[in-house]
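Visitor: The following block contains the structure, expressed as structure tokens.
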Amino acid sequence: MSSPAAFPTDADDSLDNPDLGPFLLKPWYWERLAPSRVLQFAERAARVLERRGEGTKLELANDLATRAGQELLDMVDSSPVVAIKSLKVFDFQGMSLSTIDRSTLEINPDLPEAKNLMSWYDSEGKDTSLVPISAEAGATRAGGFKSMYFDRVFLSYITSNPSMGQEKPVFFSLYAIISHIKPDQIMWYRACMTCNKKVTEVFRSGYWCEGCQKNDSECSLRYIMVIKVSDPTSEAWVSVFNEHAEKIIGCNADELDRIRKEQGDDIYVLKLKEATWVPHLFRISVTQHEYMNEKRQRITVRGEAPVDYAAESKYLVEEIAKLTAY
1 MSSPAAFPTD
11 ADDSLDNPDL
21 GPFLLKPWYW
31 ERLAPSRVLQ
41 FAERAARVLE
51 RRGEGTKLEL
61 ANDLATRAGQ
71 ELLDMVDSSP
81 VVAIKSLKVF
91 DFQGMSLSTI
101 DRSTLEINPD
111 LPEAKNLMSW
121 YDSEGKDTSL
131 VPISAEAGAT
141 RAGGFKSMYF
151 DRVFLSYITS
161 NPSMGQEKPV
171 FFSLYAIISH
181 IKPDQIMWYR
191 ACMTCNKKVT
201 EVFRSGYWCE
211 GCQKNDSECS
221 LRYIMVIKVS
231 DPTSEAWVSV
241 FNEHAEKIIG
251 CNADELDRIR
261 KEQGDDIYVL
271 KLKEATWVPH
281 LFRISVTQHE
291 YMNEKRQRIT
301 VRGEAPVDYA
311 AESKYLVEEI
321 AKLTAY
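If you count by the numbering used here, then the sequence shown holds residues 1 to 326, one letter each, in order.
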């Protein structure tokens, strides 16, 4: 099941993922969540399992929690299969999934993938220990639950197609080097310490969060920056949000701000330079946005991982074998 992905705002680095599932509901992991402090809505959470034996937390919110959630609760002992259209993927302290307003959920769908999953579960999956999907694994799968070796392209494939992503977001994987990080760009924004949305500084009153409808005496800084990446064929500027930027820079935005204030601009610039000329595996999205009445390509990092040279070598050997097979 699929639909065009709707990307988050700059202050929200979760990903609305178009293709997730089917999943198998593990019967002993169902729980009822308390209402949120900020938004009062019904919510339920369950653990879901994929055929790889990996599982994660799935939160059902609002109508899906009360309608489909109750139906699933009544049949959870039978380990139903669920297919979900439009989910948000969160990569914070491990991977988790959450429904959104337009999410749809189908129980025991008549799909080949669902039948294969149930067959696997009946034969061996029910005796498999659930392995949590880690934050690192989540990063490699953000943007379609695909690995860093799926849809691998060179940068020139993207930059030579300026209309790419015009109708709907497209996803690719890249092997690229970070060649430059502008030190004079806006590197971060002030964020609410509860919901991570942007806050506004209020004179003598701290920071106002529109989402939480409250003032706080403190706020945190979250990265929102652009970096230049290069490969043998081309180079491009890409947007990077907080979780991935922390891995690239090696510290959080609050720490980098402290370095700049206490140790000066030279050390700050040096810290950014230390993050350049390092190879990374990226999962990226390509979309179009309008700037000064002109359509422009926007490339956004959706997943990042250090290069595993053993896995990279295996991938290259397989690609060479494909070429020599013809």
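Yeah, the Cβ is synthetic: ideal placement off N, Cα and C, and Gly gets one too.
The structure presented is a predicted model; accordingly, all values stated were derived computationally and were not measured.
With a CB to CB cut of under 7 Å and the five nearest residues on each side skipped, what residues in its chain are close to Asp-396?
Guide: An answer regarding residue 396 cannot be provided, because it is not within the stretch 1 to 326 covered by the chain.
Visitor: Kindly indicate the opening and closing residues of the beta strand (DSSP E) around Ala-245.
Guide: The sequence position of residue 245 within the sequence shown is 245, counting from 1. Not the beta strand (DSSP E): Ala-245 falls in the alpha helix (DSSP H), residues 242-249.
Visitor: Name the residue from Asp-63, Val-226, Asn-293, Thr-194 whose alpha carbon lies nearest to the alpha carbon of Gly-211.
Guide: In the sequence shown, residue 211 corresponds to position 211, counting from 1. For the residues Asp-63, Val-226, Asn-293, Thr-194, the minimum Cα distance to Gly-211 belongs to Thr-194.
Visitor: Helix, strand or coil: how does DSSP classify Ala-116 here?
Guide: For this step, residue 116 is matched to residue 116 along the sequence shown. Strictly speaking, residue 116 in this sequence is Asn, with Ala absent from that position. It is helical.
Visitor: Against chain E, with Cβ distances strictly below 8 Å, would Thr-276 count as a contact?
Guide: Any reference to chain E falls outside this structure, which holds one protein chain only.
Visitor: Quick check on Arg-260: does DSSP put it in helix, strand or coil?
Guide: Taking the sequence shown and counting its residues from 1, the one referred to as residue 260 is at position 260. In the structure shown, Arg-260 sits in a helix (DSSP, three-state: H, G or I).
Visitor: Return the CA-CA distance between Ile-158 and Arg-302, expressed in angstroms with no decimal places.
Guide: Residue numbering aside, residue 158 sits at position 158 when the sequence shown is read from its first letter. Residue numbering aside, residue 302 sits at position 302 when the sequence shown is read from its first letter. Cα-Cα distance, rounded: 16 Å.
Visitor: Report the option in Ala-245, Gln-213, Arg-102, Glu-274 whose CA atom is closest to the CA atom of Ala-305.
Guide: Taking the sequence shown and counting its residues from 1, the one referred to as residue 305 is at position 305. Answer by Cα proximity: Ala-245.
Visitor: Got a sec, what are the start and stop residues for the alpha helix (DSSP H) Tyr-268 sits in?
Guide: One-based indexing of the sequence shown puts residue 268 at position 268. Per DSSP, Tyr-268 belongs to the alpha helix (DSSP H) from 265-274.
Visitor: Between which residues of its own chain and Ser-103 is the CB-CB distance below 8 Å, once the five residues before and five after are set aside?
Guide: Looking up residue 103 in the sequence shown gives position 103. Taken in chain order, the residues that qualify are Leu-64, Ile-84, Lys-85, Ser-86, Leu-87.
Visitor: Return the residue from the list Met-75, Tyr-175, Met-148, Val-82 that minimises the CA-CA distance to Ser-234.
Guide: Within the sequence shown, numbered from 1, the residue matching residue 234 stands at position 234. Ranked by Cα distance from Ser-234, the options Met-75, Tyr-175, Met-148, Val-82 are led by Tyr-175.
Visitor: Does the Cβ of Gly-69 have 16 or more other Cβ atoms within 10 Å, making it buried, or fewer, making it exposed?
Guide: As a position in the sequence shown, residue 69 is number 69, starting the count at 1. Counting Cβ neighbours within 10 Å, Gly-69 comes out buried, since at least 16 surround it.
Visitor: Provide the residue span of the beta strand (DSSP E) that contains Thr-300, from first to last.
Guide: Residue numbering aside, residue 300 sits at position 300 when the sequence shown is read from its first letter. First-last of the beta strand (DSSP E) with Thr-300: 294-306.
Visitor: Return the chain-ordered list of same chain residues with a C-beta closer than 7 Å to the C-beta of Phe-150, the five sequence neighbours on each side being excluded.
Guide: As a position in the sequence shown, residue 150 is number 150, starting the count at 1. Here the set comprises Ser-173.
Visitor: Is it true that the CB of Val-229 sits closer than 8 Å to the CB of Ile-178?
Guide: Counted from its first residue, the sequence shown places residue 178 at position 178. Counted from its first residue, the sequence shown places residue 229 at position 229. Against a cut-off of 8 Å, the Cβ pair of Val-229 and Ile-178 comes out as a contact.
Visitor: So for Ala-61, helix, strand or coil by DSSP?
Guide: Here residue 61 corresponds to residue number 61 of the sequence shown, with the count starting at 1. Annotated three-state conformation of Ala-61 is strand, per DSSP.
Visitor: Tell me which residues share the same chain as Ser-98 and place their Cβ nearer than 6 Å to its Cβ, disregarding the 5 neighbours each side in the sequence.
Guide: Looking up residue 98 in the sequence shown gives position 98. Closer than 6 Å at Cβ, skipping near neighbours: Glu-59, Lys-88.
Visitor: I'd like to confirm the pairing. Which residues does DSSP put opposite Tyr-189 in its beta bridges?
Guide: The residue you call residue 189 lines up with position 189 of the sequence shown. Answer is Arg-222.
Visitor: For Glu-243, does the count of other Cβ atoms within 10 angstroms reach 16, so buried, or fall short, so exposed?
Guide: Within the sequence shown, residue 243 is the residue found at index 243, counting from 1. Counting the other Cβ atoms within 10 Å of the Cβ of Glu-243 gives 16 or more, which makes it buried.
Visitor: From Leu-72 to Ser-79, what distance separates their C-alpha atoms?
Guide: Numbered from 1 along the sequence shown, position 72 holds the residue referred to as residue 72. Numbered from 1 along the sequence shown, position 79 holds the residue referred to as residue 79. So the two alpha carbons sit approximately 9 Å from each other.
Visitor: Would you kindly report the start and end of the unbroken beta strand (DSSP E) that includes Gly-206?
Guide: As a working mapping, residue 206 is identified with position 206 in the sequence shown. Taken as a continuous stretch (DSSP letters only), the beta strand (DSSP E) holding Gly-206 covers 206-209.
Visitor: Thinking C-alpha only, which one of Gln-288, Ile-320, Asn-293, Thr-324 is nearest Glu-167?
Guide: Residue 167 sits at position 167 when you count from the first residue of the sequence shown. Answer by Cα proximity: Gln-288.
Visitor: Given that a residue counts as buried once 16 or more other Cβ atoms are within 10 Å of its Cβ, and exposed if not, what is Met-75?
Guide: Translated into the one-based positions of the sequence shown, residue 75 becomes position 75. When all chains shown are included, Met-75 counts as exposed.
Visitor: So what does DSSP say about Ile-178, is it helix, strand or coil?
Guide: Residue 178 sits at position 178 when you count from the first residue of the sequence shown. It is a strand residue.
Visitor: Identify every residue that forms a DSSP beta bridge with Asp-216.
Guide: Position 216 of the sequence shown, counted from the start, is the residue given in the question as residue 216. When beta bridges are read from the DSSP output, Asp-216 appears opposite Tyr-207.
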